[in-house]
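Enquirer: Protein chains in written order, with numbering that gives the first Met the number 0: chain L, 0 to 544; chain E, 0 to 537. Note that CB positions come from ideal geometry on N, CA and C, so glycine has one too. Quick one: the structure is below, questions incoming.
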Amino acid sequence: MRAVNSELRRFRSRLTSMAVILVSISSMGAWAIAGAQEVDAAQSKVSKTEPERDAITGTVLNSVTGEPINRAVVQLGGLNRATMTDASGHFEFHNLQGLRVSVTVDKPGFFDERDQAEVLADTAVSELLLRMVPAGAIRGKITTQVGEPIEGVRVKAFQRQISAGRQVWVDRMVQSLTDENGAFRIAGLPPSIYFIATEQSREPIWMPSAVPSARRQVYAQSFYPGVTQLSMASPINLGGGQEVEADFSLTAEMTYKVAGALSTPDEISSGVVFERLAGQDIDFFENVVAHDGRFEIELPAGSYAVEAYTSQNARVSTSGSFVISSDMSDVGILLSSGISIPVIVRTSSDGNSLQEVDDSTAHSMVEVKLHGASNAPSLHNHEAWWAGPHAHEIPYVEGGRYEVELNTFGQWRIESAKCGGVDLLNGDLVVTPGSTPGAIEIALRDDGATVIGRVARDPWSSTTVFLVQQRRDRNFVKIVRTTLGNFRFSGLAPGEYSLIASDELINLEYMNPEVLDSYLATADHITLQSRATANVRLNVSRTSR
Amino acid sequence: MRLSLVANIVLLLVLMGRLNAQVAKDNFIIRGNIVSAVTGQPLERTDVSIGTVEHLDKTLRELLTGPDGSFSLAGLAPGKYWLAAQKNGFRKQLYEQHGIFTSAIAVGPGLISDHISFRLHPDAAISGKITDSENEAVPNATVLLFRRDASRGFVLTFQTAQTMSDDRGYYHFGHLESGRYFVVVSGQPWYGSIATSLRESSEYDPVAADSADLDMAYPTTYYPGVTNPASGSSIMLHEGADFIADVILTPTPALRLRINHANGAPGQPREVTLKQYVFGTMIDPPTTRHESRGDTVEILGIPSGKYILEVESSVSTDKVHGRVIELTADSDIDANSAATLPMVSGAVQRDGGLTIDPQAFVQLWNSRTAEALNTVLTANGEFSFDDEFLVPGTYSIFVVNGESLLVGAISAIGAQAIGQSIQITGSTPVRLTIRAALGLAVINGIARHNGKPIAGAMIILVPENAKSNVPIFRRDQSDSDGSFTLRDILPGKYKILGIENHWDLEWADPAVLNAHSDKAVDVEIRPSMKYEITVETQ
Numbered sequence: 000m001r002a003v004n005s006e007l008r009r010f011r012s013r014l015t016s017m018a019v020i021l022v023s024i025s026s027m028g029a030w031a032i033a034g035a036q037e038v039d040a041a042q043s044k045v046s047k048t049e050p051e052r053d054a055i056t057g058t059v060l061n062s063v064t065g066e067p068i069n070r071a072v073v074q075l076g077g078l079n080r081a082t083m084t085d086a087s088g089h090f091e092f093h094n095l096q097g098l099r100v101s102v103t104v105d106k107p108g109f110f111d112e113r114d115q116a117e118v119l120a121d122t123a124v125s126e127l128l129l130r131m132v133p134a135g136a137i138r139g140k141i142t143t144q145v146g147e148p149i150e151g152v153r154v155k156a157f158q159r160q161i162s163a164g165r166q167v168w169v170d171r172m173v174q175s176l177t178d179e180n181g182a183f184r185i186a187g188l189p190p191s192i193y194f195i196a197t198e199q200s201r202e203p204i205w206m207p208s209a210v211p212s213a214r215r216q217v218y219a220q221s222f223y224p225g226v227t228q229l230s231m232a233s234p235i236n237l238g239g240g241q242e243v244e245a246d247f248s249l250t251a252e253m254t255y256k257v258a259g260a261l262s263t264p265d266e267i268s269s270g271v272v273f274e275r276l277a278g279q280d281i282d283f284f285e286n287v288v289a290h291d292g293r294f295e296i297e298l299p300a301g302s303y304a305v306e307a308y309t310s311q312n313a314r315v316s317t318s319g320s321f322v323i324s325s326d327m328s329d330v331g332i333l334l335s336s337g338i339s340i341p342v343i344v345r346t347s348s349d350g351n352s353l354q355e356v357d358d359s360t361a362h363s364m365v366e367v368k369l370h371g372a373s374n375a376p377s378l379h380n381h382e383a384w385w386a387g388p389h390a391h392e393i394p395y396v397e398g399g400r401y402e403v404e405l406n407t408f409g410q411w412r413i414e415s416a417k418c419g420g421v422d423l424l425n426g427d428l429v430v431t432p433g434s435t436p437g438a439i440e441i442a443l444r445d446d447g448a449t450v451i452g453r454v455a456r457d458p459w460s461s462t463t464v465f466l467v468q469q470r471r472d473r474n475f476v477k478i479v480r481t482t483l484g485n486f487r488f489s490g491l492a493p494g495e496y497s498l499i500a501s502d503e504l505i506n507l508e509y510m511n512p513e514v515l516d517s518y519l520a521t522a523d524h525i526t527l528q529s530r531a532t533a534n535v536r537l538n539v540s541r542t543s544r
Numbered sequence: 000m001r002l003s004l005v006a007n008i009v010l011l012l013v014l015m016g017r018l019n020a021q022v023a024k025d026n027f028i029i030r031g032n033i034v035s036a037v038t039g040q041p042l043e044r045t046d047v048s049i050g051t052v053e054h055l056d057k058t059l060r061e062l063l064t065g066p067d068g069s070f071s072l073a074g075l076a077p078g079k080y081w082l083a084a085q086k087n088g089f090r091k092q093l094y095e096q097h098g099i100f101t102s103a104i105a106v107g108p109g110l111i112s113d114h115i116s117f118r119l120h121p122d123a124a125i126s127g128k129i130t131d132s133e134n135e136a137v138p139n140a141t142v143l144l145f146r147r148d149a150s151r152g153f154v155l156t157f158q159t160a161q162t163m164s165d166d167r168g169y170y171h172f173g174h175l176e177s178g179r180y181f182v183v184v185s186g187q188p189w190y191g192s193i194a195t196s197l198r199e200s201s202e203y204d205p206v207a208a209d210s211a212d213l214d215m216a217y218p219t220t221y222y223p224g225v226t227n228p229a230s231g232s233s234i235m236l237h238e239g240a241d242f243i244a245d246v247i248l249t250p251t252p253a254l255r256l257r258i259n260h261a262n263g264a265p266g267q268p269r270e271v272t273l274k275q276y277v278f279g280t281m282i283d284p285p286t287t288r289h290e291s292r293g294d295t296v297e298i299l300g301i302p303s304g305k306y307i308l309e310v311e312s313s314v315s316t317d318k319v320h321g322r323v324i325e326l327t328a329d330s331d332i333d334a335n336s337a338a339t340l341p342m343v344s345g346a347v348q349r350d351g352g353l354t355i356d357p358q359a360f361v362q363l364w365n366s367r368t369a370e371a372l373n374t375v376l377t378a379n380g381e382f383s384f385d386d387e388f389l390v391p392g393t394y395s396i397f398v399v400n401g402e403s404l405l406v407g408a409i410s411a412i413g414a415q416a417i418g419q420s421i422q423i424t425g426s427t428p429v430r431l432t433i434r435a436a437l438g439l440a441v442i443n444g445i446a447r448h449n450g451k452p453i454a455g456a457m458i459i460l461v462p463e464n465a466k467s468n469v470p471i472f473r474r475d476q477s478d479s480d481g482s483f484t485l486r487d488i489l490p491g492k493y494k495i496l497g498i499e500n501h502w503d504l505e506w507a508d509p510a511v512l513n514a515h516s517d518k519a520v521d522v523e524i525r526p527s528m529k530y531e532i533t534v535e536t537q
């Protein structure tokens, strides 16, 4: 019989984990499994005369300690059967009909093994080995600068994750409130890299003083080990089953009373938000309702961005920042609609000269995204989109450095993309706060090249294929997944490209050239001509990180 | 000075006292020191705050005590001030606080307010680990904390806090005052939901039954690990103590309850729920699963025990049905066998109209079981308890309107009205009429001991026929100058008592009060009058 492979599901974010493996029980009495790494079922020593031919047995192990896991629940999905492991981690199912079933395992405090291939490689044919990763925890104590515990502080964990090849910090959405000893504990964390943050105080903290007009105090958002900027925070590398301690203290800041008037192009419809800038992030914010454009607010010192929505539902904000360092009684804050960048698309078909196309046509040919290109970690995505279907410009672009992502549809390929004098295919777009940048001008041609190919692997497994062109500042990367082993890229500009088939790379920061480099070393290379179609056959890349 | 009404759900702030109208210089002082009530040691860096009794939620001044625990707040206008203090390890407390009462500090000419010794009670805590009989931690169990004391007039057990066990099975209740507590745990084995989902499945094969040992439930368990509340251990928590109360849950086979004819008339689906009483507080038992098959509802994963089954129609005019069931095995039950529950509704009326606060509510309180049911009082004075499970018994009726208790003559159809209570015996609908009295009276008094004003005494106004008139009892605590105020007094005959150092007294029990009545003063209260009464304490 042959090995059947199926896509392995991952539920890495679930605490009670599910390791899913598909097992096939044949009427012949032998069973076989296969995963990312194929297991040769022909090696099965199970004979037709085996008395318990319709049985599955196995063991559940802690992947870090190698110890058996007692009282884990193993389920056979298709059969609605479940059992619990014994003290040696062992489980057995008997009287199974010759059916294909999925095996899942649950245990509080454990996640499924990240790489199923390992599980399967170690599996003896008569004995399933299911490994589970123990969850970790981060605990600590939040104190004042004089070491007194602070009760009722919300503590959060931000996990490093990869989204579209870029590093992002994702709120785990598990909050812990410090108790009367200032202690917090965030449990159920998968092995990963984390930042620990305290939320800004919700209520002003009282400042010891018998003076009736004492200044109120607040805590801004802070990160372990006691800083307000993420770039200065210490990441915590949490291993499976580890419990890491992260004590830190908060610094209370005095607030200042600020009153004044907002000057806006239109009437403001809702509240106004003051956001204090801390590196790439905001460490303190406060909402206030403006009456007839006038506001009164209490804030700690710092540089603020002020933002509001007009009655036309347009976002208005300060173009630079607004600095508070003392009580201010009559300030004027100018809110404007901010920086927007027009996009002009020109096309040329059949070698004719370039013609500008209208916005809705342009949106069906190309999409434009700006990604903040700072290397400093940030909790929020500095992104801007050219969102259609009729938009003429990219609205609300904050000052900063951006990587410009351009994706074409159909046979259209990018001939050039420029903004002012900057070639956006080879360099980043820099937006200066308060400036008026020129339009992004994109030239498209309909002579794109196509790559079609096949990945040498059993066709039931879907593989991710990366098409990479190395450019000056950063790589051009396109991704597709195979369907029945086949893949296709189109709308490519003529030139040299590399191709990588890998399921591992999709979980890595592949937009970072350093990460991609080790894969490029073993990649397949092709040169594409206009309107040509290249045919390739790829092997799954085995390059490890 | 009283902080709030007897109501146990909403903390209502009552304006107490009135500023002395005479114009005086703002040069009075509140001075004293903060000491630990346990060790007597001065407490440094303690946050002390004051405010006027007219504004209980507004802090006027705040400071930290010095190294000797002392504080001094000068430049105060004559009047009465509340005094509060807190520190790490000491929850926020008012001066001489007893439940909802405190002694306000009276400041003014001839009043002594500069030698205050504020005894701050340290926090106690109860924490522990929830494990099952396999010695495995039980995460996500609901842990309920109950307290038993006489603060509501009788010794009663009522819920004071709730938390969840963490991933290691640990729970923690902090900032507790000393007293008698019970810890109750309600949870489900983590694998229980897997078992019930398997059992729900049409492909479930009980013969193969690998999963039989998964289909387990934890009965509601009382510290240290018993299912009968009478066998549970109370925790005598001392001031500042950290009590460890580990609880062991023993899984028992989960039960299935099948309710036939659950839906009643076609097109009028009914909702079927199981509830459980723990010390008079209704809780939802650990997660159960409902599976409707035609006109049958199945509830799975139920631990054995005593429950109340409620059958409620989506049609609001339909009656609620309910019955008490003792589950020890898988059972079938016909929804129509549940008895109709008494529906209690009524109206509050007053000649000359009534201004109903948006937060106004009516409470039915069974002093024997500590069950308290609340319902809103609408703007036109109507109320209805039709969606609550009301077992037959005697209930006191409280009408809380804004900052005052509305009282008056109660009459009932379908139940017997006795004083401020009703006795519900059957399942017939009950209609109440509460004629809110006009002209409630006020007593301003002074508590004295051997002729000298005394602070911190419990003042109790006891009505005639006390047993059925709990809602018209009035209480206060004497302030630093011995003064007290009793408001919203229904005209009638009363005794007024002043009792020192007996804040744990069952003040609504006539037998208990008789033992303290030697120096009681008889008063007859007439409508809309203000009385000045001096009470000798004992």
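Taking C-beta pairs closer than 8 Å, name the residues in chain C that residue 83 of chain L reaches, listed in chain order.
Expert: In the structure shown, chain C cannot be found, because the protein chains are L and E.
Enquirer: Name, going along the chain, the residues of the stretch 57-73 of chain L whose beta-carbon falls closer than 7 Å to a beta-carbon of chain E.
Expert: Under the 7 Å Cβ criterion, the stretch 57-73 of chain L contributes 70, 72.
Enquirer: Within 10 angstroms of the Cβ of residue 231 of chain L, are there 16 or more other Cβ atoms? Answer buried if so, exposed if not.
Expert: Under this definition residue 231 of chain L is an exposed residue.
Enquirer: Ignoring anything shorter than 4 residues, give me the alpha helix (DSSP H) runs that lie fully in the stretch 326-371 of chain E, in order along the chain.
Expert: none
Enquirer: Kindly say whether residue 306 of chain L, judged by its beta-carbon, lies nearer than 9 Å to any beta-carbon of chain E.
Expert: no
Enquirer: Determine, using beta carbons only, whether residue 407 of chain L and residue 490 of chain L come nearer to each other than 9 Å.
Expert: Taking the C-beta atoms as reference points, residue 490 of chain L is found nearer than 9 Å to residue 407 of chain L.
Enquirer: So, helix, strand or coil for residue 283 of chain E, using DSSP?
Expert: coil
Enquirer: Could you please tell me which residues of the stretch 164-179 of chain L, in chain order, have their CB closer than 8 Å to any CB of chain E?
Expert: Hits within the stretch, in order: 178, 179.
Enquirer: Specify the secondary structure class of residue 213 of chain E as computed by DSSP and reduced to three states.
Expert: helix
Enquirer: Could you tell me which chain L residues have their CB closer than 7 Å to the CB of residue 133 of chain E, listed as they occur along the chain?
Expert: 70
Enquirer: Relative to the alpha-carbon of residue 510 of chain L, which residue among L:389, L:184, L:488, L:370 has its alpha-carbon at the smallest distance?
Expert: L:370
Enquirer: Do the stretch 339-351 of chain L and the stretch 271-283 of chain L touch if we need at least three Cβ pairs shorter than 8 Å?
Expert: The stretch 271-283 of chain L and the stretch 339-351 of chain L do not touch, with fewer than three beta-carbon pairs separated by less than 8 Å.
Enquirer: For the stretch 137-150 of chain L, enumerate the residues whose C-beta is nearer than 7 Å to any C-beta of chain E, in chain order.
Expert: 147, 148
Enquirer: Residues of chain L with a CB under 8 Å from the CB of residue 171 of chain E: which are they?
Expert: Neighbours of residue 171 of chain E on chain L, chain order: 178.
Enquirer: CB-CB under 8 Å to residue 238 of chain E, same chain, minus the five flanking residues each way: which ones, in chain order?
Expert: 36, 37, 120, 121, 123, 176, 177
Enquirer: Could you compute how far the alpha carbon of residue 377 of chain L sits from the alpha carbon of residue 465 of chain L?
Expert: Distance between the alpha carbons of residue 377 of chain L and residue 465 of chain L: 26 Å.
Enquirer: Give the C-beta separation of residue 575 of chain L and residue 173 of chain L to the nearest angstrom, bearing in mind that I take them to be a contact with Cβ-Cβ under 8 Å.
Expert: What the structure shows of chain L is the stretch from 0 to 544, and residue 575 of chain L is not part of that stretch, so it cannot be assessed.
Enquirer: Taking Cβ positions only, does residue 390 of chain L come closer than 9 Å to chain E?
Expert: In terms of beta-carbon proximity, residue 390 of chain L stays away from the interface with chain E, with every pair separated by 9 Å or more.
Enquirer: In three-state DSSP terms, what is residue 479 of chain E?
Expert: Here residue 479 of chain E sits in coil by DSSP.
Enquirer: Could you tell me which of L:444, L:445, L:430 sits nearest to residue 438 of chain L, measuring between CA atoms?
Expert: L:430
Enquirer: What would DSSP say about residue 466 of chain E, mapped onto helix, strand or coil?
Expert: helix
Enquirer: Identify each residue in the stretch 66-98 of chain E for which the Cβ-Cβ distance to at least one residue of chain L is less than 8 Å, and report them in chain order.
Expert: 72, 87, 88
Enquirer: For a test of the three-state rule: what should DSSP assign to residue 208 of chain L, helix, strand or coil?
Expert: A caution first: residue 208 of chain L carries a pLDDT of 44, below 50, which makes its placement in the model unreliable, though a value can still be read off. Correct three-state label for residue 208 of chain L: coil.
Enquirer: Across which residues does DSSP place residue 191 of chain L in a beta bridge pair?
Expert: L:237
Enquirer: Of all Cβ atoms in chain E, is any one closer than 9 Å to the Cβ of residue 361 of chain L?
Expert: Closer than 9 Å: no.
Enquirer: Go through its chain and collect everything with a Cβ distance to residue 519 of chain L's Cβ below 8 Å, but skip five positions before and after it.
Expert: Answer for residue 519 of chain L: 467, 469, 497, 499, listed in chain order.
Enquirer: Are the beta-carbon atoms belonging to residue 135 of chain L and residue 54 of chain L less than 9 Å from one another?
Expert: no
Enquirer: Is the separation between the beta-carbon of residue 439 of chain E and that of residue 522 of chain E shorter than 9 Å?
Expert: no
Enquirer: Looking at residue 532 of chain L and residue 449 of chain L, is the spacing between their C-beta atoms short of 9 Å?
Expert: The beta carbons of residue 449 of chain L and residue 532 of chain L sit closer together than 9 Å.
Enquirer: Buried or exposed for residue 529 of chain E, please, with buried defined as at least 16 other CB atoms from any protein chain shown within 10 angstroms of its CB.
Expert: exposed
Enquirer: So, helix, strand or coil for residue 511 of chain E, using DSSP?
Expert: The answer is helix: DSSP assigns residue 511 of chain E an H, G or I state.
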